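Okay, so here's the structure we're looking at.
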Amino acid sequence: MRAHEAGALHGNDAAPTWLPYPADVNALIPGLFSQQTRRGDDGALEIGGVSAHAILQQVGSPAFVIDEEDFRARARAFKDAFETAFAPLNGAHVSYAAKAFIATRIARWMAEDGLGLDVCTGGEMAVGLRGGMPADRMTLHGNNKSDAEIERALTEGVGRIVIDSLEEIDRVADIAERLGTTAHVLLRVTSGVEAHTHEFIATAHEDQKFGISITTGDALTAAEDVLKRPSLHLDGLHSHIGSQIFDTHGFEVAARRVLALVKRIQETTGRTCEHLVLGGGFGVMYNTQHTPSTPTALADSLAEIIRIECTDLDLPFPVLGFEPGRAIAGPSTQTLYTVGTTKMVELGPAQRRLYVSVDGGMSDNIRTALYDADYSCLLASRTSDAEPAVVRVVGKHCESGDIVVKDEYLPADVHRGDIITVPVTGAYCYSLASNYNHVPRPVVVSVADGEVSPMIRRETEDDLLARDLG
Ligand code: LLP
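Numbered according to UniProt numbering, the sequence shown spans residues 1 to 470.
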């Protein structure tokens with residue numbers, strides 16, 4: 001039984017060891033909510049000056065709620081921190097990774113705030129362009145780009161194409177030649193480093209679909225091949241090692257291996273790689289287990305790594321590029337759900353779990369089912385004096401793995417009609433959403449200064465039936 005100052009009454013073995021018994025189950029866990037989130041005088045949660053009740057009255061439930069100021073402040077914090085830290089070297093650029101979450105308004109914010117945009121499909125590129133992101137600030141990724149995607153990128157003037165395989169070199173070169181243009185390219189190389197959360201693996205083999213291997217010599221061959229094609233300009237190299245990473249050790253090993261390749265390219269071809277993009281992957285806090293760094297601490301530590309490695313190899317400092325997605329979008333957003341049914345399940349003598357069913361689920365947040373991700377939640381419609389109960393927040397889908405929040409405490413009197421919020425759902429939730437069980441995708445709104453502005457409207461049954469040809 002878990003120890004607690006209030007005694008055995010509060011013990012519940014259903015809670016995992018990492019989950020602290022809350023001193024105040026109504027309190028917002030510090031660091032978990034967007035900057036403009038607080039409890040209003042009536043106890044209801046307020047985001048950007050609007051209560052959770054008012055938001056759902058206006059746009060319905062469930063709803064993804066983006067705190068505009070928070071989103072943009074995070075984006076600017078990354079841009080400023082990296083530009084400042086790398087100024088004494090040769091500078092750095094920050095692009096927002098659209099895959100985390102994209103809409104035309106997000107593209108506009110990022111354009112206004114001076115970031116670039118990393119896109120990995122024609123669809124993401126189209127949203128970026130429609131949102132007013134200047135094409136030359138966009139980078140097209142993808143391990144299986146279609147000819148049409150490459151052609152559109154070149155016609156629109158997309159800044160860079162990241163070449164992901166040896167055979168893609170000729171494809172991009174041929175299309176650029178046909179269009180009478182020069183494609184600026186980066187080579188995505190695999191350093192053998194794979195990092196997730198607190199762990200990273202650095203091995204010689206790279207058993208995954210992205211990039212061109214450094215260890216097999218393919219990356220050097222690729223650089224030579226690019227330099228042979230007049231319609232291609234080799235801007236530099238790209239390396240992305242993983243996602244939800246908390247320390248810079250994996251980046252350090254990857255940077256060392258990639259810079260060693262820059263050196264070999266220079267020795268073999270006489271050409272310098274001016275740009276080095278180290279991807280994204282910076283971790284965020286989903287619950288009390290996570291302790292992310294600040295953008296400044298990350299930038300300072302990465303700049304120091306690049307300074308040391310380039311000095312050791314006697315290389316000129318490249319211009320660095322970074323592509324954070326999750327760390328900008330994730331913490332700015334929360335999902336408001338309405339509780340439908342609750343069910344207490346007795347698991348043993350000191351084990352019980354309150355199942356709280358909400359009006360969404362794995363169709364708007366697949367991360368719990370797909371990655372075993374841990375989320376938190378909070379009663380948003382009111383405060384409560386009830387004892388904290390161990391809850392599992394589940395959705396409305398016909399599947400027992402339809403879990404949104406595996407383990408958290410909520411007041412035991414949480415009931416039908418209550419609003420609960422799940423924080424840090426801004427990255428890879430809406431962008432991975434589905435229509436499983438023909439559940440329409442939720443609305444996405446941004447809030448700022450007391451105003452709710454719908455960003456992507458809720459899907460309707462008519463939307464779902466529109467493509468059904470009978
Ligand atoms: N750049 C490249 C080339 C990437 O492949 C990614 C993510 C990023 C940047 C942005 O990484 P971030 O800063 O967001 O970690 N669906 C998974 C994450 C997949 C990440 C794919 N690539 C999840 O929900 O955890």
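Glycine included, every Cβ here is placed at the ideal spot set by N, Cα and C. In this text, all values refer to a predicted model and were calculated from it rather than measured experimentally.
Proximity to I306 across W109, T215, A100, L276 peaks at L276, based on C-alpha coordinates. Residue nearest to S363 within the set A219, S446, Y436, E387 is Y436 (criterion: CA-CA distance). Within 7 Å of the C-beta of Y371 there is at least one heavy atom belonging to ligand 1.
Distances taken from the Cβ of L140 to the heavy atoms of ligand 1 include none shorter than 7 Å. CA-CA distance, A350 to E451, rounds to 46 Å. Across the set T338, A97, P316, I175, the C-alpha of I175 shows the shortest separation from the C-alpha of H184.
With a cutoff of 8 Å on beta-carbon distance, V394 and D402 are scored as near each other. Membership of T341 in any alpha helix (DSSP H) is not indicated; the residue belongs instead to the beta strand (DSSP E) covering 333-348. In this structure, T342 and V414 form a Cβ contact; the two beta carbons are roughly 6 Å apart against a cut-off of 8 Å.
Note that the C-beta distance between I456 and A98 is not below 8 Å.
With a threshold of 16 other beta carbon atoms within 10 Å, A23 falls short and is exposed. DSSP, read as helix, strand or coil, puts I403 in strand. With at least 16 other beta carbons inside 10 angstroms of its own, Q244 counts as buried. The beta carbons of F71 and I328 sit about 7 Å from each other, so the pair counts as a contact at 8 Å.
The beta carbon of I66 is closer than 6 Å to those of S332, T333, S446 in its chain, skipping five residues each way along the sequence.
Per DSSP, the unbroken beta strand (DSSP E) holding V443 starts and ends at 443-448.
Per DSSP, the beta-bridge partners of V391 are L354, E408. Excluding residues up to 5 positions away in sequence, S363, D364, R441 lie with their Cβ nearer than 7 Å to the Cβ of A433 in the same chain. From the listed residues L19, P20, P30, the smallest Cα separation to P292 is found for P30.
Fewer than three beta-carbon pairs drawn from the region 206-213 and the region 242-256 are found closer than 8 Å, and the two stretches are therefore not classed as touching. If you look at D67, you'll find it in the beta strand (DSSP E) that goes 63-67. Per DSSP, D364 is not a residue of any beta strand (DSSP E), being assigned neither H nor E.
Secondary structure remark: continuous alpha helix (DSSP H) runs of at least 4 residues inside the region 198-275, in chain order: 218-228, 249-269.
In the three-state reduction of the DSSP assignment, P454 falls in the strand class. Cα atoms of N144 and R152: separation of roughly 15 Å, rounded to the nearest angstrom. Boundaries of the alpha helix (DSSP H) around V172: 166-179. Boundaries for D118: no alpha helix (DSSP H) harbours it, while the beta strand (DSSP E) harbouring it runs 116-119, taken from the DSSP string.
DSSP places F282 within a strand segment (E or B) once states are collapsed to three. Each residue's CA atom was taken as its position, placing L298 and G348 some 45 Å apart. Rounded to whole angstroms, the gap between the alpha carbons of R352 and S51 is 32 Å. Taking C-beta atoms as the reference points, K263 and L315 count as a pair closer than 8 Å.
Note: T421 is bridge-paired with L336, L378 in the DSSP secondary-structure output.
Your pair A448 and E68 checks out as a contact, with CB atoms roughly 4 Å apart and the cut at 8 Å. Relative to the Cα of L237, the nearest Cα in the group Q58, P454, P62, G321 belongs to G321. DSSP places I161 inside the beta strand (DSSP E), whose first and last residues are 160-163. P20 is classed as exposed because its beta carbon has fewer than 16 other beta carbons within 10 Å across all chains shown.
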